[in-house]
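One structure below.
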Amino acid sequence: MAIFLTVFLSLYGAMHVLVYRGIRPILTPRPRSRWTTLAFMTLMVISPVLVSVLERIELETGARMLALIGYSWMALVFISFAGFVVVFAWDLLLRPLGRLHRGLTEYSLHGPRCAVLVPALAVLLCIHGSFEANQLQVETIHIKTDKLPVEAKPLRIVQISDLHLGLIHRNAMLDRVITQVEQLQPDLLVATGDMVDGRIDHLAGLAEIFSRVSPPLGKYAITGNHEYYAGLDQALRFLQRSGFTLLRNRAISVGPLIVAGVDDPAGGHPGDEAALIKPTDRCHFTLLLKHRPLVSAAAEEFFDLQLSGHAHRGQIFPFNLVTALEYPMQNGLYRLATGTRLYVSRGAGTWGPPVRVFSPPEITLIELTPYPPMPSRQP
């Protein structure tokens, strides 16, 4: 967690430096104006740490208010940063060209106009993103398999991921998600990590909302990185109260399926999915739950479908381009070289800013349909 905070605050601080440089043309030349702006930005940089401190000393109202302000500001800075990167990159490109033709320097973007337009566009996108974050979508994928009995009806698996329940997302958001899950009538419900984000033991009613869903094949959950950041013990207690069976580096038989789950490496003891699922019966459809959308080459031939989340598809455009550097497969269904599949959910909640830009929240319905195996050719 300390390493994560150090890296995050360093990058977040650097973003503020660039945004400050971008808006300087419209700041008054008086020192007080600039120092006030810098002081506010510094407060916003450290606001995630202050939120965590207030939450730990149980100043709930203060933590929640600062989180709403600080995380909304974070979205504004993220988008403004992306805009000013374009502005400064364009101006850097013009410098050598301007030596060849002086008239080109007139096309410089950095100045009062862009100092207003970039933040204004960021505000509009944040307003749009606050609405988009509440537009829950159902993504449906159909998979045919010869590992289900031919006479069986299609099996409905619902995946939820990255709810980030805590200071920002609470009963209303979870009720909206579970209402949609109920309408899908799943045979099996799986949660692929980051259900919890912050203190949650004191929040009444959340586990009861989860208990409204009782699929015939059960509910299964794994840990994500935020279960460890929030406090593993309280996160596990919450998931168990909510009716989930925890799959912590184990595989079990669930009806016609093998369902395996591995712990997130944030806990320091990442699961070895290859060792976990290799001994399982390959005659059964094997479902692997793994929070991060990374596929182990050693395990790839031993599962049929891996369900993951974590990346949020960047959550706020254009940061999907950044998350793609670490997670090239960050959204949707992928067919792997061995013929197995990976599905990556965008998640139902948000981390940090309660905003999504061009990455709407989702829950996923996977329909497994049996079909007869191809007859073997006679020699």
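All letters in the sequence shown, in the order written, are residues -12 to 366 by our numbering.
Backbone N, C-alpha and C define an ideal beta-carbon position, used for all residues, glycine too.
Per DSSP, the bridge partner or partners of residue i
i: residue 356; result: 131
i: residue 295; result: 331
i: residue 156; result: 152
i: residue 175; result: 144
i: residue 351; result: 126 and 146
i: residue 245; result: 240 and 273
i: residue 303; result: 344
i: residue 232; result: 207
Given residue i as reference, the closest of the options once Cα atoms are compared
i: residue 163; options: 246, 40, 32 and 120; result: 120
i: residue 100; options: 74, 203 and 82; result: 74
i: residue 283; options: 64, 323, 6 and 17; result: 323
i: residue 0; options: 25, 13 and 79; result: 25
i: residue 368; options: 23, 97, 80 and 53; result: Outside the modelled stretch of the chain, which goes from -12 to 366, sits residue 368, for which no answer is possible.
i: residue 202; options: 220, 234 and 146; result: 146
i: residue 329; options: 281, 297, 40 and 312; result: 281
i: residue 8; options: 17, 107 and 21; result: 21
i: residue 58; options: 6, 35, 70 and 131; result: 35
i: residue 127; options: 173, 317 and 140; result: 173
i: residue 204; options: 195, 312, 70 and 176; result: 176
i: residue 109; options: 70, 55, 189 and 131; result: 70
i: residue 379; options: 195, 190, 234 and 325; result: Absent from the model: residue 379. The displayed extent of the chain is -12 to 366, so no value can be given.
i: residue 321; options: 268, 181 and 130; result: 130
i: residue 278; options: 314, 218 and 67; result: 314
i: residue 148; options: 68, 218 and 180; result: 180
i: residue 115; options: 104, 72, 63 and 140; result: 63
Same chain only: Cβ atoms within 7 angstroms of residue i, ignoring 5 sequence neighbours per side
i: residue 231; result: 178, 206, 207 and 208
i: residue 42; result: 50, 154, 185 and 186
i: residue 135; result: 142, 243, 272, 355 and 357
i: residue 28; result: 3 and 7
i: residue 236; result: 249, 250, 258 and 263
i: residue 316; result: 280, 329 and 331
i: residue 196; result: 158, 161, 162 and 165
i: residue 137; result: 357 and 359
Contacting residues, own chain, Cβ-Cβ under 6 angstroms from residue i (five flanking each side not counted)
i: residue 247; result: 238, 263, 264 and 275
i: residue 347; result: 119, 122 and 124
i: residue 65; result: 303
i: residue 32; result: -1, 0 and 3
i: residue 212; result: 251 and 253
i: residue 227; result: none
i: residue 171; result: 145 and 352
i: residue 79; result: none
Beta-carbon proximity list for residue i, same chain, < 8 angstroms, skipping 5 on both sides
i: residue 261; result: 283, 285, 286 and 289
i: residue 193; result: 152, 157, 158, 161, 187, 225 and 229
i: residue 270; result: 134
i: residue 349; result: 123, 124, 125, 126, 332, 333, 334 and 335
i: residue 132; result: 272, 291, 355, 356, 357 and 358
i: residue 56; result: 34
i: residue 245; result: 238, 239, 264, 267, 268, 271, 272, 273 and 274
i: residue 44; result: none
N-terminal and C-terminal residue of the alpha helix (DSSP H) that residue i is part of
i: residue 13; result: Per DSSP, residue 13 belongs to no alpha helix (DSSP H) and is neither H nor E.
i: residue 308; result: 307 to 313
i: residue 285; result: Segment: none, residue 285 is in no alpha helix (DSSP H) and carries neither H nor E.
i: residue 222; result: 219 to 228
i: residue 208; result: Not the alpha helix (DSSP H): residue 208 falls in the beta strand (DSSP E), residues 206 to 208.
i: residue 185; result: Counting along the chain, residue 185 falls outside any alpha helix (DSSP H), and DSSP gives it neither H nor E.
i: residue 19; result: 18 to 43
i: residue 119; result: 99 to 119
i: residue 191; result: Element bounds for residue 191: n/a, residue is neither H nor E.
i: residue 138; result: No alpha helix (DSSP H) holds residue 138; DSSP gives it neither H nor E.
i: residue 263; result: 260 to 264
Endpoints, beta strand (DSSP E) assigned at residue i
i: residue 239; result: 237 to 241
i: residue 146; result: 142 to 147
i: residue 274; result: 272 to 276
i: residue 320; result: 319 to 322
Distance between beta carbons of residue j and residue i, contact taken as under 8 angstroms
i: residue 242; j: residue 250; result: That pair is no contact at about 24 angstroms.
i: residue 301; j: residue 310; result: 5 angstroms
i: residue 336; j: residue 150; result: 4 angstroms
i: residue 214; j: residue 168; result: Actually they are not in contact, since the Cβ atoms of residue 214 and residue 168 sit about 20 angstroms apart, beyond 8 angstroms.
i: residue 112; j: residue 331; result: Their Cβ separation, rounded to whole angstroms, is 24 angstroms, which puts residue 112 and residue 331 out of contact at 8 angstroms.
i: residue 327; j: residue 352; result: Wrong, their Cβ atoms sit about 20 angstroms apart, outside the cutoff.
i: residue 14; j: residue 37; result: That pair is no contact at about 25 angstroms.
i: residue 367; j: residue 199; result: Since the first residue shown for the chain is -12 and the last is 366, residue 367 is missing from the structure and cannot be characterised.
i: residue 341; j: residue 117; result: 6 angstroms
i: residue 299; j: residue 334; result: 5 angstroms
i: residue 106; j: residue 67; result: 5 angstroms
i: residue 233; j: residue 219; result: At roughly 11 angstroms, the Cβ-Cβ gap does not stay under 8 angstroms, so residue 233 and residue 219 are not in contact.
is_contact[residue i, chain C] using C-beta, thresh 8 angstroms
i: residue 34; result: Absence of chain C from the displayed structure is noted, only one protein chain being present.
Heavy atom of the ligand NAD within 7 angstroms of residue i beta-carbon
i: residue 0; result: With respect to the ligand NAD, the structure shown offers nothing to examine, as it has no ligands at all.
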